[in-house]
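**Q** Numbering (the numbering used here), first residue to last: 123 to 398. What follows is a structure written as structure tokens; I'll ask about it next.
Structural data, given as structure tokens:
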């Protein structure tokens with residue numbers, strides 16, 4: 123509404139309408155506290171090292187990559203994760219609502235009817251996977267930019283962090299959190315000596331479904347797919363599994379940004395500079 127007030131009609135109304143139609147709502151503040159923490163440090167008041175990055179064309183690219191990644195690219199990709207998750211929730215809820223009004227007790231025990239053609243669910247699942255991966259990629263690029271290094275893959279971030287020229291006071295907490303969280307991302311990252319990720323399978327090898335709705339005498343469930351739903355005897359909904367994955371992503375991003383910010387504050391503090 124502020125844009126509508128500031129801009130003359132009909133521009134203000136058009137901006138608001140287009141944003142409502144084509145935009146995606148921001149992630150709630152409580153899910154992005156690390157970004158707020160880093161933004162406050164980065165801008166209020168601007169640290170000397172940031173001013174120095176902006177001082178000449180050669181270093182300006184690192185400033186632009188760092189700020190652009192953390193303040194724009196990563197939040198935008200994370201919003202895409204949420205958008206596709208919300209679509210999955212809607213589809214799964216609608217299917218379950220319809221099926222819940224039917225009696226399947228006539229299906230013989232040990233038999234099931236699989237329902238195909240759930241392409242909307244497949245498409246949104248694939249989009250969720252890719253948005254999740256690019257969130258991590260953009261984040262790695264932003265962190266690496268502080269060290270004036272390129273990083274085009276989240277998996278390569280440790281290689282940047284462990285370069286001898288980089289201060290361990292800054293790299294150590296980031297590397298620790300990377301190692302703590304990386305196994306939670308194995309569905310989008312093919313870690314060495316582990317199974318191929320769902321993301322890599324979809325991108326380079328073959329189609330992976332979101333799952334298949336199975337009807338049995340005792341009801342219905344979404345089975346299999348990239349998340350191996352309901353194969354271990356524990357009832358799982360796709361949206362619940364992916365919502366947990368989104369929570370893992372938020373935890374990593376926020377914890378890492380808080381640790382990164384605190385490490386930068388310490389490393390660039392006047393007392394540190396004097397002691398050096």
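Ideal Cβ placement from N, Cα and C applies to all residues, glycine included.
#1: If we require 4 or more residues per run, which alpha helix (DSSP H) segments fall completely within the region 293 to 371?
#2: Can you round the beta-carbon distance between residue 260 and residue 188 to whole angstroms, since I take them to be within the 8 Å contact cut?
#3: Within its chain, find whatever has a CB closer than 6 Å to the CB of residue 247; leave out the 5 residues flanking it on each side and keep chain order.
#4: On the three-state DSSP scale, how would you describe residue 237?
#5: Is it buried or exposed, residue 319, if we count other Cβ atoms within 10 angstroms and call 16 or more buried?
#6: Determine the DSSP secondary structure at residue 176, reduced to helix, strand or coil.
#7: Here's a check: name, in chain order, each residue in its chain whose Cβ is nearer than 7 Å to the Cβ of residue 381, leaving out the five neighbours to either side.
#8: Can you say whether residue 391 is buried or exposed, counting buried as having 16 or more other CB atoms within 10 angstroms of its CB?
#9: Cα-Cα, which of 328, 176, 342 is closest to residue 220?
#10: Roughly how many angstroms separate the alpha carbons of residue 238 and residue 361, rounded to a whole number?
#11: For the alpha helix (DSSP H) containing residue 141, name the first residue and the last one.
#12: Under a Cβ-count criterion, where at least 16 other Cβ atoms within 10 Å of its own Cβ denotes burial, should residue 376 be classed as buried or exposed?
#13: Please classify residue 257 as buried or exposed, where buried requires at least 16 neighbouring CB atoms within 10 angstroms.
#14: Please report the distance separating the alpha-carbon of residue 266 from that of residue 288.
#15: Which of the three DSSP states, helix, strand or coil, is assigned to residue 262?
#16: If you measure between the beta carbons of residue 337 and residue 203, is that distance less than 9 Å?
#17: Tell me which residues share the same chain as residue 292 and place their Cβ nearer than 6 Å to its Cβ, disregarding the 5 neighbours each side in the sequence.
#18: Mind checking which residues open and close the alpha helix (DSSP H) that includes residue 156?
#19: Nearest-angstrom Cα distance between residue 309 and residue 321?
#20: Are residue 180 and residue 149 closer than 9 Å when you measure CB to CB?
#21: Please identify the residue among 347, 222, 131, 304 whose C-alpha is closest to the C-alpha of residue 324.
**A** So, from the listed chains and residues:
#1: 320 to 326
#2: 11 Å between Cβ atoms; not a contact.
#3: Same-chain partners within the cutoff: 332.
#4: strand
#5: buried
#6: coil
#7: 295, 296, 299
#8: exposed
#9: 342
#10: 19 Å
#11: 133 to 144
#12: buried
#13: Residue 257 comes out buried.
#14: 10 Å
#15: helix
#16: no
#17: 385, 389
#18: 155 to 165
#19: 6 Å
#20: no
#21: Of 347, 222, 131, 304, the residue nearest in Cα terms is 347.
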